[in-house]
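The block underneath contains the structure these notes are about, expressed in structure tokens.
In our numbering, the protein residues as written are -11 to 200.
Structure below.
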């Protein structure tokens, strides 16, 4: 199983994760989740220096969390609810999908009203692909975060990527639902560490641009 490596985005696209564990397009149609658990990983980053530079990078975090998942499963501290997708991979895939959706919406916005038929066709194809990938990921989320499914329904969310508009696709990541519905705290911790790494890498890249 391959894990992501971080890379600086260009043209305002931010930091993205590459070489994600493959999120296939769908051809067809327990824990607390408390705020304290989400933020307790702050303590891992109190140090300063080159060691933190490495530990907070998008190159390091995916591998680190994958090893933590493996150790927890082997120790019996975490049930392997999916044969291939561990908690850290679920969140990593979600962030990759989130970034892809964001880039797509930027492209749609920048295209304007004078788009050619070819450009519109390409955007439609990309939108359909994103909806299929969302549907595939949503099924994985239902395994790891079963409480999200009824939450989607109560929120009036169309299930299975059936929304016609890509901007209406909602991932309901831990950071969005924390304090609202219960879910495994580990998932919130994973999301925080990924986002911390993204922010850290972005700041580092900005510093490099300023120095140059």
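Yeah, the Cβ is synthetic: ideal placement off N, Cα and C, and Gly gets one too.
DSSP state of residue i mapped onto helix, strand, coil
| i | result |
| --- | --- |
| residue 63 | coil |
| residue 143 | coil |
| residue 153 | coil |
| residue 48 | coil |
| residue 135 | coil |
| residue 30 | At residue 30 the pLDDT is 43, less than 50, meaning the model places this residue with poor confidence; the figure from the coordinates comes in the next sentence. If DSSP states are grouped into helix, strand and coil, residue 30 belongs with the helices. |
| residue 158 | coil |
Cβ shell of residue i (< 8 Å), same chain only, five flanking positions each side left out
| i | result |
| --- | --- |
| residue 92 | 111, 114, 115, 118 and 154 |
Residues near residue i by beta carbon distance below 7 Å, same chain, minus five either side
| i | result |
| --- | --- |
| residue 197 | none |
| residue 160 | 136, 139 and 140 |
| residue 53 | 76, 178 and 181 |
Proximity below 9 Å, CB of residue i to CB of residue j
| i | j | result |
| --- | --- | --- |
| residue 128 | residue 178 | no |
| residue 81 | residue 125 | yes |
Buried or exposed by the 16-neighbour rule on C-beta atoms within 10 Å, applied to residue i
| i | result |
| --- | --- |
| residue 55 | exposed |
| residue 31 | Interpretation of residue 31 is limited by its pLDDT of 43, a score under 50 that renders its predicted location unreliable; the figure taken from the coordinates is listed afterwards. Exposed: under 16 other Cβ atoms inside 10 Å. |
| residue 176 | buried |
| residue 18 | Note that residue 18 has pLDDT 43, beneath the 50 cutoff, so the model's placement of it is unreliable and the number below is only indicative. Residue 18 is exposed by the Cβ-count criterion. |
| residue 131 | exposed |
| residue 165 | buried |
| residue 142 | exposed |
| residue 79 | buried |
Own chain partners of residue i with C-beta closer than 6 Å, once the 5 adjacent residues on each side are dropped
| i | result |
| --- | --- |
| residue 162 | 175, 176 and 179 |
| residue 73 | 128 |
Complete alpha helix (DSSP H) runs within the region 70 to 110 (minimum length 4 residues, chain order): 75 to 99
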